[in-house]
Structure formats: structure tokens, C-alpha cells
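Colleague: Take this structure, written in C-alpha cells, and hold onto it; I'll ask about it next.
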Amino acid sequence: MIPELGHFALILAGVVALVQGVLPMAGAAQQRARWMALARPASVMQALLVLLAFGCLAQAFVGNDFSVAYVAAHSNTRLPFLYRIAAVWGAHEGSLLLWVVLLSGCGVLAAFTSRAFAAPFVARLLAVLGLLGAGFIAFILFTSNPFLRLDPALTDGRDLNPLLQDLGLVLHPPMLYLGYVGFVVAFAAVVAALLGGRVEAHALRWLRTWLALAWMALTLGIALGSWWAYRELGWGGWWFWDPVENASLLPWLVATALLHTLPVALKRGHLLAWTVALILLAFALSLLGIFLVRSGSLASVHAFAADPARGAFILALLLLSVVPALLLFVRRLPVLRAPSDVPLCARTILLLANNGLLLAATATVLLGTLYPLLVDAWGLGTVSVGAAYYQAVFVPLLVPLLLLLGVGPLLPWGERRGVVVLRAVRWPMAGAALAVWGAWQGLASLTAGAGFGVALAGWIVGAALAAVRDARCAPAVYGMVLAHVGVAVFTVGVSLSTALHIERTARLVPGEALTLGGYVLSFVAVHADAGPNYRAQRATFQVTGDDGTRATLFPEKRRYAGSAMPMTEVAIDARWDRDLYLALGEPLDAGAWTVRAYVKPFIRWIWAGCLLMALGAGAALVERGLLAVRRRGAIPAALRTAVTVTRT
Amino acid sequence: MNAKRRRRVVAVAIVVLGVGIATALALRAFQENLLFFFSPSEVLAGKAPSGREFRLGGLVERGSVVREADGLTVRFRVTDLGQTLNVHYRGILPDLFREGQGVVTRGRLNDAGAFVASEVLAKHDENYMPPEVAGSLKTAQSNTPRPAP
């Protein structure tokens, strides 16, 4: 009964979303206040119904209702409670339901934080969100319904894929989707503004809050996914240039460019058209990401089912939302034109270069991700693009970007004298020198590449500290500084863990030991063990190190009862400056095992850096975003003339 | 040229330069790092490049997996049910590597005509068949009629 209730609630939600999409839009066009006023209650109603549907599906998981096909395929009576909840979004159908929950939830949030704006704008904003919501609900109902019954019901489910039975599944998808949804709201706001023919300044400021929120969530989501892959896939890698990973990186790169131009658009009224274009692009790439992941057109850990109907549906949704928005954008282009050209001071040049590099990076990732699909679609054979491609392209693009990042914040707006630029560089220079000296003293070995990475990080930190010291800096700068220090920490993590990592694969019998760097890993024994839904062979390793490390590691080989799938559970001895990573391979004859061990110096800095970046965006959010709507008075005159007067 | 136009030219030049450099880098890296996929039949027909990495996929032939004394070097045969090819690999095999299951490997041919793999991928789902492998099995079966195994 409960799954039917959920199914029905979802159908109703779709109808409500359609009403939310059509009536307020028509009301805004014909100045009908009553129709426009429908938008807010409709968005609340839609969110409640979607939430009800989601709750019903969750109840089916918690209550082990294996008469529901989706539950039977992805759960099991022995699955721990936390994973039974997370399993709701553990596969295609449910993850789309989660997406719709977040979309409608953010719709409500948008409805109630936009109360200061003109009624037609709010009506159009919520109408666009309603149309998109209706599209996705239709997608679920027609191609990916999680409420379908199974007849006869199974007595026990097939179990959740063991790879997904991890804290990563609980955290990564909701965070990632929250990021995407933030771009959807930004898209809706931009379309609403373009439809109305005017971009209100405080709407732009409101938009910045959304973008900071979305960027923060996306950063955390990507980092969580990376951390998850690192621990669960057993290969010690943190980024695989898997097409699905790329799909989340693409909107992130564009949004990062956006975060850097939006303040300019806001403060000075410049680059408005460019900013709007970037928002449309971030949205399009978010939907493209969903298409890539959900259409099954990619062979990946994430691609669960290949169904051409699903791909076609999302592609249609993508085209139906992006193409009209683009046409509208082009028609309204004169409205978005700034009163004067961008003044080419040193800082704006660097800002434009930042955008150029980030978009070039986006283009290269897009090329590597889509090319194999296109080649396959045209029947020209099967190719894939290896990680080596991305490394070869990304590093030359990122190095200048990081160099710019160390200089840009130190330049005052409007400064055009080269001398000032040269003078500003002394802080980053000092930082770089200090960092290299520190690494030289502190690390046993240092390659040229690692040294360069550390120098870049020092360059950025030096600039960040100088920016804090700088009297001109407003409190708003702290978020930026925090995020930039995050980039530096990330850079250290990437360059040191790549350059200095040690890896060994060996065949060991209990009693033997493996030496790795300054560590001795003694294989003590293997015991049979069991968890709630798996049996395991659990090995014991004693670790001693020259640096005083004393640890015991328990890597496991598991076999899950429900799915009969084997799974490697790695053991990690984590410390701030290195991970000791141990994975069991296969059992051989005579009690021997193959074993793979890594020392990964500074690998935690990769995720710590992402966390700092997200915190930086969060700091900006708290400091200006949530309060911004109330401080509406302080809109610069330039912006007011730039964007509020015009109407075509 | 007035100041406004000069500014615009500078801005455009920056963009063009960035895009140009990126395109050049990308295309060069692209050419070097495109990995083509071949089935054993295609490799034996001489379609695969000799001095270059590519991907080989098919089923792991039943009874073909042999492990050498060091415990780490593995030899097996990959088949598309038409032809088979010897594969050498040193390292730990993925959890779902199994005889009779689909597999995709990356590596290159050695002088003896065997495939030396540097990476072996089996998908993280018991019932998963890599789409490339499914495709090549279909082709091989339509080309070479064989009795059921």
C-alpha cells in the first residue's frame, strides 16, 4: 500500500509542478497577480508531495518490502540500517528521486528567500523550476519508476552493491546533487530575469548566495567521491578521470570561473553578459553530467543500467531547457551590455585570464569525455581517452592559473602600472622560496616536480597572507583567502603524493614481512571473520617504521552474502603527512596471499584542501550572502544604471 | 586605433592565445593518448598497432589462467569465441576477475605476439559485461560460426 501511496504522491507532485510551471508564467506575462501568487504555495505543495514519495520509498527499504522491484534489487534483510537508508539513492531510480527531492526543496528555499523581489520575477523563477521539476518527475514516472511491484515478491533482496556499502554513499550523492541543484536555481533566476527584460541588482546578489552554496556543495561532493574511490576501489588512486568524475568536474570548473566574475558584475556592472552565459553553461553541463551518468552511455562504476529511452529523455530535457534559454539570452544581449567597456586594469586582465584558463580546462575535459561517445555513435570504432591525456593537458593549464591566483588578489582595482604588479609579486615569491626551503629541510627526498608543486603552494599562501595583511582588504576577503589557501594545500597534496609515493606488490605467507620506504609490514596471520551481511578473511599486519610508527592493520577480503560478490576492504594507517595503504589481493596456495602496499605522502592534503575551499565559500556565504537581501541599500550607482533601467 | 578598440583587441588576443595554446596541447595529447579497443580476432588479423598501447577485451577463457611461481605473474587467454590471444600480467587482479567472465585489459603486444597488460579491469558488478566486449563477441560470432561451447 505504501509504495502505491508514494507512486501516487509522485504523480500528484508532477501535476502540481506542471501547474507551478504554467500558470505563474502566464500570470507574469499577462499581469495577473492571482496566477503569479500560485507559484509559492505550488512549490511548497510540490516539495511536500515529492518528500512524501521519497519517504514511502525509504519506508519500503527500512521495512524490507521486497515486493518492490527496486528494493529487491538493491537491499537485503541483512543490510545495516544506515545503508538501507542510503540505498534509496544507491541506484538509478532512487537517485533521481533524491534529485527531485533536492530540486523541489531548493525551490521552496528559493521561494522564501526571494520575497523582496518583484512578483513577476518570483513567479517566473518558480515557474522555470516547476517546469524542470515536472520534466524530471515525468522522467522518473515514465522511464525509471522506483515504485514498480515485483510479482511474485522475493523473500530476500539481491543486496546493495558492496562498493556502495560505505559512508561515501551516504554523503557523496546528496552533496553532489545539492551542487547541481544550486546551478538549476541560478539558471531559473537568470531565465526569469531575461524573460522580464531586467536584471535586478539585489537579485544578482541573491544569485551569488546560491552560486556560493552550490559551489561549496559541489566541491564537497566531488571531494567526498574522490575520498570514497580512494578507500573502496583498492587501487590507492584518488582521481581516475572516469567520464562520470569528469561530468562533475565540468560544472565545477565553470562555476569556479563564475565565482570570480560575479563580484565584478555585482560591484561594477561589467561582464554581466559573460556571467549570465557562464550560468547557462554551468546549468547545461550539470544536465549533461546527469545525461552521461544516467543514460548508461558510459561504461563506468556509476553506470548501472543502459537504457536508450532514458538517455533520449534526458537529452530532450537538456535541449528543451538550454536551447530556448540560449535564444532568449541572445535576444536580450543588448540589455546586458555594460555602460562602458571593461576597464583593462591589471586585475581585470588576470581575472579574464583566470576565466580563459578555466574554460580551456573545461573544454579539454569535455573533449576527452565526449569524443569516445561521438566516435562510438558514428560507428567509427571504440576508443577511450586515458588519464595520460588529462594529465598532459591539465598541468600546463593549471600552472599558469595557480601563478595568477597568487598575484590577482594583491592588485588594487584600476591599477595599470606594471611596477605595482612587480612589487606585488614579492610576497608570493617569498612564500614560494620559504615553502621550497621547508620542503627541502623536512622531506627525505624531493623531486623536481614535487618541489615545483610546493613552490606553487608557497606562492599562493604568501599572496594570501599578504592579502590579509593588506589594509585595503574588507572582511569579504577572508573567504577568498581561505579558499585560496585550500588550493595551495590541495596542490601540495597532489604534487607530493604523486611524486613521492611508493608502491609494492608481493606474495607473502604469514610470518614474512614486506619493506616499503622506511616501514616494515609483518604479515602475522589471516582469520575468518564475519560482518552483518558478509564473511571476511581478515589479515593482521604489524607495522613498524623508522619514524617511530607502531600500528596494526587489518585488511580484509569480503564476500557479501546477498550478492555473493567479493570485495577488497583496504586498511589505512592515516597520519597528517602520509597514509600507509594496504590491500589484500588473492589467496594463493600454501596460505600465501598477494598483497599490495603503498606509502602515500601528504595524500590527506588533497581532501583537506577541498574542505578549505568549501569552507572559504561557506565563509563568504555567512558573511554576505544570507544578510545581503536586507542590506539592499548599498547598490553601486554604476550597477543600477547598468542593469535595472533597461527593458526591450 | 582608439583606446576602447585597443582594449578590446587586447582582450580578444588573450582569449585567442589561451584557446590556441589549449587546443594545441589538447590535440597533441589527444593523438598520443587515444586508446583504441580491439578484440582478439582483430589483433590476429593485424589491425592492432604494434609499438603502441591499446585495449584488448573479451572473455577470460575457461581453464586458461596460470599463475607463475612468484605468485604475481599471471598468464591467461582472452577470447571473443572466435579467436584467442595470450595475455601476460604482473600484479593483483581485480576482485571480479574470473574465468569465463568479461575483461578489458590495457597494454601492448610483445615480439612473440602476446599481449602484455599493464592494467586489467573487470567491472564491479557480478552480471556486468563491458559493452565493448559484448559488441566484439557479437561480431566474432556472426563472422565465425562455431559449435556451442
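Those protein sequence lines, which keep their order, are chains W and S. The first sequence runs 1039 to 1686 under our numbering. The second sequence runs 61 to 209 under our numbering. Where is the CB? At the ideal position from N, CA and C, for every residue including glycine.
(1) Taking 7 Å as the CB-CB limit, is Ala89(S) close to chain W?
(2) Hey, Pro1200(W) and Gly1132(W) are a contact pair by Cβ (cut 8 Å); roughly how many whole angstroms apart?
(3) Label Thr1632(W) either buried or exposed according to how many other C-beta atoms from any shown protein chain fall within 10 Å of its C-beta, with 16 as the threshold for buried.
(4) Just reading off the alpha helix (DSSP H) that Lys64(S) is part of, what are its end residues?
(5) 7 Å is my cut-off, CB to CB: does Ala73(S) come that close to chain W?
(6) List the whole-angstrom C-beta distance separating Leu1167(W) from Val1223(W), where the pair is believed to meet the contact cut-off of C-beta under 8 Å.
(7) Return helix, strand or coil for Phe1092(W), following the three-state DSSP convention.
(8) For Val1459(W), which residues in the same chain have their Cβ closer than 6 Å to its Cβ, ignoring the five residues on either side in sequence?
(9) 7 Å is my cut-off, CB to CB: does Leu119(S) come that close to chain W?
(10) May I have the straight-line CA-CA distance separating Arg168(S) from Tyr149(S), to the nearest angstrom?
(11) Looking at Ala1227(W) and Ala1055(W), is the spacing between their C-beta atoms short of 7 Å?
(12) Please state the DSSP three-state secondary structure of Val125(S).
(13) To the nearest angstrom, report how far apart Leu1288(W) and Leu1323(W) are at their CA atoms.
(14) If you follow the beta strand (DSSP E) that Pro1417(W) is in, where does it begin and where does it stop?
(15) Could you check whether the Cβ of Thr1420(W) sits closer than 7 Å to any Cβ belonging to chain S?
(16) So Val1229(W) and Leu1366(W) are in contact, right, with Cβ under 8 Å, and what is the actual spacing, rounded?
(17) Can you pull the chain W neighbours of Gly131(S), defined as C-beta to C-beta under 7 Å?
(18) Roughly how many angstroms separate the alpha carbons of Val1088(W) and Tyr1557(W), rounded to a whole number?
(19) Compute the Euclidean distance between the alpha carbons of Leu1086(W) and Ile1040(W), then round it to the nearest angstrom.
(20) Just to confirm before moving on: does the CB-CB distance between Pro1639(W) and Arg1616(W) stay below 7 Å?
(21) Does the region 1468-1485 of chain W come close enough to the region 1495-1502 of chain W that 3 or more CB-CB pairs lie under 8 Å?
(22) Checking contacts by CB at 7 Å: is Thr1402(W) closer than that to chain S?
(23) Which word fits Pro1212(W), buried or exposed, when buried means at least 16 other C-beta atoms lie within 10 angstroms of its C-beta?
(24) Can you tell me the Cα-Cα spacing of Gly1487(W) and Lys1595(W), whole angstroms?
(25) By the DSSP assignment, the beta strand (DSSP E) with Lys1595(W) in it spans what residues?
(26) Using a 10 Å radius around the Cβ and a threshold of 16 neighbouring Cβ atoms, would you call Glu1607(W) buried or exposed?
(27) Pull up the DSSP beta-bridge partners for Ala1267(W), would you.
(28) From Leu1141(W) to Leu1169(W), what does the alpha carbon distance come to, in whole angstroms?
(29) Give me the Cα-Cα distance between Gly1235(W) and Val1219(W), rounded to the nearest whole angstrom.
(30) According to DSSP, Trp1631(W) sits in a beta bridge with which residue or residues?
(31) Using the three-state DSSP reduction, which class does Ser1142(W) fall into: helix, strand or coil?
(32) So with Cβ pairs under 7 Å, would you call Gly78(S) a contact of chain W?
(33) Less than 7 Å between the beta carbons of Phe90(S) and Arg115(S), yes or no?
(34) Mark Leu1412(W) as exposed unless 16 or more other C-beta atoms lie within 10 angstroms of its C-beta, in which case mark it buried.
(35) Here's a check: name, in chain order, each residue in its chain whose Cβ is nearer than 6 Å to the Cβ of Arg135(S), leaving out the five neighbours to either side.
Modeller: This is what the structure gives:
(1) Along the second sequence, read from residue 1 onward, the residue named residue 89(S) stands at position 29. Answer yes: the Cβ-Cβ gap between Ala89(S) and chain W drops below 7 Å somewhere.
(2) One-based indexing of the first sequence puts residue 1200(W) at position 162. One-based indexing of the first sequence puts residue 1132(W) at position 94. 18 Å between Cβ atoms; not a contact.
(3) If you number the first sequence from 1, residue 1632(W) lands on position 594. Result: buried.
(4) Indexing the second sequence from 1 puts residue 64(S) at position 4. Per DSSP, Lys64(S) belongs to the alpha helix (DSSP H) from Ala63 to Asn93.
(5) Position 13 of the second sequence, counting from 1, holds the residue named residue 73(S). No, Ala73(S) lies away from the interface with chain W (no Cβ there is under 7 Å from its Cβ).
(6) The count along the first sequence starts at 1 and reaches residue 1167(W) at position 129. The count along the first sequence starts at 1 and reaches residue 1223(W) at position 185. 7 Å between Cβ atoms; contact.
(7) The sequence position of residue 1092(W) within the first sequence is 54, counting from 1. Three-state result, Phe1092(W): helix.
(8) Translated into positions along the first sequence, residue 1459(W) becomes position 421. If you ignore the 5 residues before and after Val1459(W), its C-beta comes within less than 6 Å of the C-beta of Ala1384, all in its own chain and listed in chain order.
(9) The residue you call residue 119(S) lines up with position 59 of the second sequence. So no, Leu119(S) is outside the interface.
(10) Your numbering for residue 168(S) matches position 108 in the second sequence. Your numbering for residue 149(S) matches position 89 in the second sequence. Between Arg168(S) and Tyr149(S), the C-alpha separation is close to 11 Å.
(11) As a position in the first sequence, residue 1055(W) is number 17, starting the count at 1. As a position in the first sequence, residue 1227(W) is number 189, starting the count at 1. No, these two residues do not count as a Cβ contact at 7 Å.
(12) Locating residue 125(S) in the second sequence gives position 65, where the first residue counts as 1. Secondary structure at Val125(S): coil, using DSSP grouped into helix, strand and coil.
(13) One-based indexing of the first sequence puts residue 1288(W) at position 250. One-based indexing of the first sequence puts residue 1323(W) at position 285. Roughly 6 Å between the two C-alpha positions.
(14) One-based indexing of the first sequence puts residue 1417(W) at position 379. Checking the displayed sequence, the identity of residue 1417(W) turns out to be Gly instead of Pro. Per DSSP, Gly1417(W) belongs to no beta strand (DSSP E) and is neither H nor E.
(15) Within the first sequence, the letter at position 382 stands for residue 1420(W). Yes, contact with chain S.
(16) Position 191 of the first sequence, counted from the first residue, corresponds to residue 1229(W). Position 328 of the first sequence, counted from the first residue, corresponds to residue 1366(W). The C-beta distance from Val1229(W) to Leu1366(W) rounds to 7 Å, short enough to meet the 8 Å contact threshold.
(17) For the purposes of this step, residue 131(S) is taken as residue 71 along the second sequence, with counting starting at 1. Ordered by position in chain W, the residues that pass the 7 Å Cβ test against Gly131(S) are Arg1545, Leu1626, Ala1630 and Thr1632.
(18) One-based indexing of the first sequence puts residue 1088(W) at position 50. One-based indexing of the first sequence puts residue 1557(W) at position 519. C-alpha separation (whole angstroms): 53 Å.
(19) In the first sequence, the residue the question calls residue 1086(W) occupies position 48. In the first sequence, the residue the question calls residue 1040(W) occupies position 2. Whole-angstrom Cα-Cα distance: 16 Å.
(20) Counting from 1 along the first sequence, the entry for residue 1639(W) is found at position 601. Counting from 1 along the first sequence, the entry for residue 1616(W) is found at position 578. In contact: Pro1639(W) and Arg1616(W) (Cβ atoms closer than 7 Å).
(21) Touching, yes, given that three or more Cβ pairs across the two stretches are closer than 8 Å.
(22) Walking along the first sequence from the start, residue 1402(W) turns up at place 364. At least one chain S Cβ lies under 7 Å of Thr1402(W).
(23) As a first step, residue 1212(W) is located in the first sequence; it is residue number 174 there, counting from the start. Its Cβ being crowded by 16 or more others within 10 Å, Pro1212(W) is buried.
(24) Position 449 of the first sequence, counted from the first residue, corresponds to residue 1487(W). Position 557 of the first sequence, counted from the first residue, corresponds to residue 1595(W). Rounded to whole angstroms, Gly1487(W) to Lys1595(W) spans 36 Å at the Cα level.
(25) The count along the first sequence starts at 1 and reaches residue 1595(W) at position 557. Going by DSSP, Lys1595(W) is part of the beta strand (DSSP E) stretching over Glu1594 to Tyr1598.
(26) Stepping through the first sequence from its first residue, residue 1607(W) is reached at position 569. It is buried - the Cβ of Glu1607(W) has at least 16 other Cβ atoms within 10 Å.
(27) The residue given as residue 1267(W) occupies position 229 in the first sequence. Note: Ala1267(W) sits in no beta bridge, so no partner.
(28) To locate residue 1141(W), count along the first sequence from 1; it is residue 103. To locate residue 1169(W), count along the first sequence from 1; it is residue 131. Distance between the alpha carbons of Leu1141(W) and Leu1169(W): 11 Å.
(29) By 1-based counting over the first sequence, the position of residue 1235(W) is 197. By 1-based counting over the first sequence, the position of residue 1219(W) is 181. Approximately 24 Å, taken between the alpha carbons.
(30) By one-based count along the first sequence, residue 1631(W) stands at place 593. DSSP lists Leu1546(W) and Pro1625(W) as the beta-bridge partner residues of Trp1631(W).
(31) Numbered from 1 along the first sequence, position 104 holds the residue referred to as residue 1142(W). DSSP places Ser1142(W) in helix when its eight states are reduced to three.
(32) If you number the second sequence from 1, residue 78(S) lands on position 18. Yes, Gly78(S) counts as interfacial toward chain W.
(33) Looking up residue 90(S) in the second sequence gives position 30. Looking up residue 115(S) in the second sequence gives position 55. When the beta-carbon positions are compared, Phe90(S) and Arg115(S) stay at least 7 Å from each other.
(34) Residue numbering aside, residue 1412(W) sits at position 374 when the first sequence is read from its first letter. Counting every other CB atom within 10 Å of its CB across the protein chains shown gives Leu1412(W) a total below 16, marking it as exposed.
(35) As a working note, residue 135(S) is residue 75 in the second sequence. Around Arg135(S): Val126 and His148.
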